[in-house]
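Chains A and B are the protein sequences, given in the same order. Going by our numbering, the first sequence opens with residue 5, and the numbers climb by one from there. Going by our numbering, the second sequence opens with residue 5, and the numbers climb by one from there. Data block below; observations after.
There are 2 protein chains.
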Amino acid sequence: MIRVAVDALGGDRAPDEIVAGAAAAASSEIEPVLFGPADLDTLGLELVVASESIGMDEHPVEAVRSKPDSSLVRAIRAVADGEADAVLSAGSTGATLAAALFRLRRLPGVLRPAIAVVIPGRAGPTVLIDAGANADARPEHLLQFGHMGALFAEEILGASDPEVRLLSIGEEDEKGNQLTLDAHELLRASELRFGGNTESRRLLEGATDVVVTDGFTGNIALKALEGTIWSLLDGIQSELRSTLRGKLGGLLIRPAARRVRRRLDPESYGGAYLLGLRGLVVIAHGSSSRVAIENAIQLAARGVEHRVVERLEERLPDRVVASARSTTPTAEK
Amino acid sequence: MIRVAVDALGGDRAPDEIVAGAAAAASSEIEPVLFGPADLDTLGLELVVASESIGMDEHPVEAVRSKPDSSLVRAIRAVADGEADAVLSAGSTGATLAAALFRLRRLPGVLRPAIAVVIPGRAGPTVLIDAGANADARPEHLLQFGHMGALFAEEILGASDPEVRLLSIGEEDEKGNQLTLDAHELLRASELRFGGNTESRRLLEGATDVVVTDGFTGNIALKALEGTIWSLLDGIQSELRSTLRGKLGGLLIRPAARRVRRRLDPESYGGAYLLGLRGLVVIAHGSSSRVAIENAIQLAARGVEHRVVERLEERLPDRVVASARSTTPTAEK
């Protein structure tokens, strides 16, 4: 039985959608444990009482320090204390990161945890890392993200000898800003199978296994992708509604449209791993519905099953410590 | 008659698609002039012989210096010499920028030219600036981009008192990397109508008039948007082809899908302005088809009609010089 600690008070649609999603994810293999107020209607799930909540607007570090009994901090502590195998929150990413750094701490050798999102590409899944944990990053951080992403692709996505690419503004080696130019050199010199730069227009192709970027750029790219999917599907839908012919056509294409939506919808992949910590942390969109929460809990359980943290711990330290050492001069720039 | 100098050798599909697009754009108001080799089949258009071409892989500054008689440099010189009203190239953006800086020079007070792209949002057009001219930018550059974008939105898109927003990873003021945090303060303190941060997921909503960003981030966001549109439309199309029901539905929805595609397709908006120079420069996608080239030439002509460069020159210097002065301490950081 995999126990997933669920922050019932995190997210725009908490607690109702969170609880409903957790209830839907409960199975003979998965046991969601809710962290929330005593009067929460848990739909029969186990509850650990934690009545304080951390808002999206609060300063992450201050909020985490001043609210040790918040649903988020308590849920993360449950993983640190071995009472749960993984934790999920749809609340503030910054606060989740702060609480995880404070309560779980980093794996040995890891400079910065990073958010790894699986993008459902046409030819297969691609890991985008970092999708938003570090707004400012240095070249050696990007190198570590490459290592973490490659291990993730191997262990969880089953990629053998995964290819790592660097997100930039052109495929040519010399295209990019200073950060990507420097990171490009580090990645090129590393033991990773580095395929050079890739462009954001190719993210949905699934042409590579791992796409490395800083958290600011990764977040911008991911949200552009998500926003465009929604805008386009909604645009087609409202165009179809405007004519009888369109309405009839819309009925006929519904199954096909649903298959595409299911593949690309952020609600389907639901969550992202926060990698580099001594415990499995999954974050979900602030706007997550019950479906997204259910998927995110399943994603967390998959990470536990596949022993993501343990495998990173086993294999990562050598790689990242070696990388960090070799890049110290760059770090001091 | 508006004369548009067209670099017939720039772009992946040059010269055939370039010439075809130029011929299609020719009208009683627009006179495209081709710059290319003597044996070019010009489809009846005027030709200025320039046989050298600058490849996508060449170092921009070196290529521009060593090839003064290339089609790109000659086309830009035609604008500098008053022989054409605007110039269009689908070749290397870096080389176009380098040639424009060298041959046209910047408008007084402008620190850095920037690429302004009009994104066809649902509620109306949005100017994204910078979409790729400056891979590394400083906060005061972003402030200038805000001024240039606002003037562009007023003069070309007819926005009255345009709202300017800053592209970041959250709408809250404190979300962003160091560059956006610093630029946020400058924009907030400026005379612009600054609406705060916006996220890339909202780019297609058309919720604001101007979105300011550095060229690296803007390019990543724009290409993510374009790539997603293509992936999604292609994905729906191939799903529809897989069943008879889908095929029939596909026929029925074709007009609606075409309307959406027409609004969102990068081929429709075709080109982008390179703002801040003493002459009108339009750049088009490297992959531009004849349709994209035709649209880009029309975009160039519209810029001439609306006197974009002259109006920027009239109104910008006060604003940007004032901005540059007030931000000198930041610039020296």
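Cβ coordinates follow ideal geometry from the N, Cα and C atoms, glycine included.
Partners in chain A for Q4(B), counting only beta-carbon separations shorter than 9 Å = Because chain B spans 5 through 337 in this model, residue 4(B) falls outside it and cannot be assessed.
With 8 Å set as the bound, which would you pick, yes or no: does the beta-carbon of V264(B) sit closer than that to a beta-carbon of chain A?
-> yes
Helix, strand or coil for E203(B), going by three-state DSSP, please let me know.
-> coil
Short CB-CB distance (under 8 Å) between A288(A) and chain B = no
8 Å Cβ cutoff, S293(A) in contact with chain B | no
Please name the residues in the stretch 215-230 of chain A whose beta-carbon is closer than 7 Å to at least one beta-carbon of chain B, in chain order.
-> F220, T221, N223, I224, A225, K227, A228, L229, E230
Cut-off 8 Å between Cβ atoms - residues of its own chain near A137(B), not counting five sequence neighbours on either side | T97, L101, R116, P117, A118, I119, G219, L278
For the stretch 13-29 of chain A against the stretch 44-64 of chain A, are there 3 or more C-beta pairs whose distance is under 8 Å?
-> yes
Given 8 Å as the limit, is there contact between the stretch 236-250 of chain B and the stretch 244-252 of chain A, that is, 3 or more CB pairs closer than that?
-> no
Counting pairs of Cβ atoms below 8 Å between the stretch 193-210 of chain A and the stretch 167-179 of chain B, do you hit three or more?
-> no
With a cut-off of 8 Å, does the C-beta of L1(B) fall near any C-beta of chain A?
-> The first residue shown for chain B is 5 and the last is 337, placing residue 1(B) beyond what the model contains.
Below 8 Å, can you find three or more Cβ-Cβ pairs linking the stretch 80-95 of chain B to the stretch 296-304 of chain B?
-> yes
Using a C-beta cutoff of 8 Å, does S204(B) count as contacting chain A?
-> yes
If we cut at 8 Å on Cβ distances, does A335(A) have a partner in chain B?
-> Only weak support is given to the placement of A335(A): the predicted model assigns it a pLDDT of 35, under 50, and the question is left unresolved by the model.
Give the range of the beta strand (DSSP E) segment to which L51(B) is assigned.
-> 50-53
Spatial neighbours of L185(B) in its chain, beta-carbon cut-off 8 Å, leaving aside the 5 residues before and after = E178
Segment contact, 8 Å Cβ cut-off, at least three pairs: the stretch 138-150 of chain B with the stretch 207-221 of chain B | yes
Name the chain A residues whose beta carbon is nearer than 7 Å to that of E195(B)?
-> Result: empty, since nearest Cβ-Cβ is about 27 Å, beyond 7 Å.
R2(A) touches chain B at which residues, Cβ-Cβ below 7 Å?
-> Here chain A comprises residues numbered 5 to 337, so residue 2(A) is not present and cannot be evaluated.
If you check the beta carbons only, do N223(B) and A135(B) fall under 8 Å apart?
-> yes
Cβ of I301(A) within 8 Å of any chain B Cβ = no
Would you mind sorting A225(B) into buried or exposed? The rule is 16 or more other CB atoms within 10 Å of its CB.
-> buried
Can you list the residues of chain A that D61(B) reaches, using a CB-CB cut of under 7 Å?
-> E176
Name the residue from A30(A), L171(A), G125(A), A103(A) whose alpha carbon lies nearest to the alpha carbon of I133(A).
-> L171(A)
By a C-beta neighbour count over all protein chains shown, 10 Å radius and 16 as the cutoff for buried, is T332(B) buried or exposed?
-> The predicted position of T332(B) is uncertain, since its pLDDT is 42 and thus under 50; no value can be drawn from it.
Please confirm whether any heavy atom of the ligand GTP lies closer than 7 Å to the CB of F198(B).
-> The ligand GTP is not part of the structure shown, which contains no ligands of any sort.
Keeping to the same chain, check which residues put their C-beta closer than 7 Å to that of A88(B); ignore five residues upstream and five downstream.
-> R7, V8, A9, V37, A82
Selected residue, minimal CA-CA separation from V65(B), among A104(B), G86(B), V121(B) | A104(B)
Return the CA-CA distance between K71(B) and R306(B), expressed in angstroms with no decimal places.
-> 30 Å
Take the Cβ of P112(B) as the centre, count every other Cβ of all protein chains shown within 10 Å, and call the residue buried at 16 or more, exposed below.
-> exposed
Assuming S292(B) contacts E35(B) under a Cβ cut-off of 8 Å, what Cβ separation, rounded to an integer in Å, is found between them?
-> Not quite, the Cβ-Cβ distance comes to about 20 Å (not below 8 Å), so this is no contact.
Length at least 4, wholly inside the stretch 57-111 of chain B: the alpha helix (DSSP H) runs in chain order | 64-70, 75-84, 97-107
CB-CB length for L208(A) against L191(A), believed under 8 Å = Not confirmed; about 22 Å, so no contact.
Whose C-beta lies closer than 8 Å to the C-beta of E189(B) among residues of the same chain, with five residues either side of it excluded?
-> P143
Straight-line gap, A211(B) to R319(A) (C-alpha atoms, nearest Å) | 46 Å
Taking DSSP as the reference, what is the three-state secondary structure of V114(A)?
-> coil
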